[in-house]
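Quick mapping for you: the protein sequence lines, in order, are chains F and R.
In this text, residue positions in the first sequence follow this note's numbering: the first is 1, and each later residue adds one.
In this text, residue positions in the second sequence follow this note's numbering: the first is 1, and each later residue adds one.
Beneath this line is the structure, given in structure tokens, with notes to follow.
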Amino acid sequence: MKNNLKVERAIHGLTQEDLAKKIGVSRQTINAMEANKYVPSTVLALRLAKVFGKQVEDLFQLDESDE
Amino acid sequence: MKQQPLLPYRFKKIGWLLFIPFAIAGIYLHVTDYEPNWITTKVFVIYNESLFSDKKWFSIVETNITSTLIGVGFLAGCLLIAFSREKVEDEFIAGLRLSSLQWAVLVNYSLLLFCFLFIYGFVFMNVLIYNVFTVLLIFIGRFNYLLFKSRKMNADEK
């Protein structure tokens, strides 16, 4: 799965720490997701979408390895 | 998301405060083969059998509890370290914890299997003594290594 969290975060001018606080996770978690090393739970994906005012699909997309 | 129950973060520090002195005491006793007799007291036993006494069920026995205390302190320290929350606990950290536990069990029993096959005689007793503690120790090592790695990865990133 790929995501554009890093881009969205830059658009909103948030640091990893800011975003982590907004959705109640550790900074490592944000970093691991941005590095494509961690696939978040549905709850976390929905929270991220809410913060950025987007649909989950705008943030996360399947890539070839998932299909 | 629903997560496994864990102790509050402050218990982790208490755990390390127990772990370090008891680990040093335990290693010292083991390396020097010293059998200390600091504290002898009456204790309740469910079952007791030794060379010089009869089998006893559910009774009070007078015995040396020095190594018992050291073992209990050490295990309590390990458990507190292993099962306390991190400062910020979330699903990613919980995932690291679970995968570390799986890794620790696998490594521990692989080592035990290896020792079963290649260590014989009374020295095998030592293997069993170590094995009482190694699952937790390997778990603590692995989990903290993964946490450290994910923090370090963090530091590079803005």
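From the three backbone atoms N, C-alpha and C, an ideal C-beta is built for every residue, glycine too.
Taking the Cβ atom as the reference point for each residue, do R:Ala82 and R:Gln3 lie within a distance shorter than 8 Å?
No, Cβ-Cβ distance for R:Ala82 and R:Gln3 is not below 8 Å.
Report the neighbours of F:Val56 on chain R: residues whose CB is nearer than 9 Å to its CB, in chain order.
The contacting residues do not exist; F:Val56 stays about 16 Å from chain R at best.
Can you grab the Cα-Cα spacing for the pair F:Lys2 / F:Leu62, in whole Å?
Roughly 6 Å between the two C-alpha positions.
Compare the beta carbon distance of F:Met33 and F:Leu14 with 8 Å and say whether it is the shorter of the two.
Going by C-beta atoms, F:Met33 is not nearer than 8 Å to F:Leu14.
Could you work out which residues of chain R lie near F:Leu44, taking near to mean beta carbons separated by less than 9 Å?
Here the neighbours are Met1, Asp90, Glu91 and Phe92.
Cβ atoms of R:Tyr9 and R:Arg85: under 8 Å apart, would you say?
Yes, Cβ-Cβ distance for R:Arg85 and R:Tyr9 is below 8 Å.
Taking 8 Å as the threshold (beta carbon to beta carbon), is R:Arg85 in contact with chain F?
Not one chain F Cβ lies under 8 Å of R:Arg85.
Along the segment 92-124 of chain R, what residues have a CB closer than 9 Å to any CB found in chain F?
So the close ones are Phe92, Ile93, Gly95 and Leu96.
Return helix, strand or coil for F:Thr15, following the three-state DSSP convention.
Coil at F:Thr15, not helix or strand.
Can you look up R:Phe122 in the DSSP assignment and give me helix, strand or coil?
Of the three classes helix, strand and coil, the one that applies to R:Phe122 here is coil, per DSSP.
Is R:Leu51 helix, strand or coil when you go by DSSP?
Coil.
Straight-line CA distance for R:His30 to R:Leu136?
Each residue's Cα considered, the two are about 19 Å apart.
What do you reckon, are the CB atoms on R:Val107 and R:Ile129 nearer than 8 Å?
Not a contact, by the Cβ cut-off of 8 Å.
Let me know the secondary structure DSSP gives R:Phe58 once reduced to three states.
Of the three classes helix, strand and coil, the one that applies to R:Phe58 here is strand, per DSSP.
With a Cβ-Cβ cutoff of 8 Å, do R:Leu79 and R:Phe143 count as a contact?
No, these two residues do not count as a Cβ contact at 8 Å.
With a Cβ-Cβ cutoff of 8 Å, do F:Thr29 and F:Ala20 count as a contact?
It is a contact, given that the beta carbons lie within the stated cut-off.
Can you round the beta-carbon distance between R:Phe92 and F:Tyr38 to whole angstroms, since I take them to be within the 8 Å contact cut?
Confirmed, Cβ separation roughly 5 Å.
Any beta carbon from chain F within less than 8 Å of R:Arg142's own beta carbon?
Answer no: the Cβ-Cβ gap between R:Arg142 and chain F never drops below 8 Å.
Straight-line CA distance for F:Lys54 to F:Gly24?
So the alpha carbons of these two residues sit roughly 18 Å apart.
Using 8 Å as the cut-off, can you tell me whether the segment 61-70 of chain R makes contact with the segment 25-45 of chain R, which would need three or more C-beta pairs spanning the two stretches below that distance?
Result yes; three or more Cβ-Cβ pairs closer than 8 Å.
Exposed or buried, R:Arg151, counting other C-beta atoms within 10 Å across all chains shown (16 or more means buried)?
Looking at its Cβ environment, which holds fewer than 16 other Cβ atoms inside 10 Å, R:Arg151 is exposed.
Is the separation between the beta-carbon of R:Leu75 and that of R:Ile39 shorter than 8 Å?
Their beta carbons are not under 8 Å apart, which means R:Leu75 does not touch R:Ile39 by this criterion.
Beta-carbon separation of R:Val127 and R:Cys115 under 8 Å?
Contact flag set, yes.
Considering R:Trp38, what are the terminal residues of the alpha helix (DSSP H) in which it resides?
That residue, R:Trp38, is in no alpha helix (DSSP H); it is neither H nor E in DSSP.
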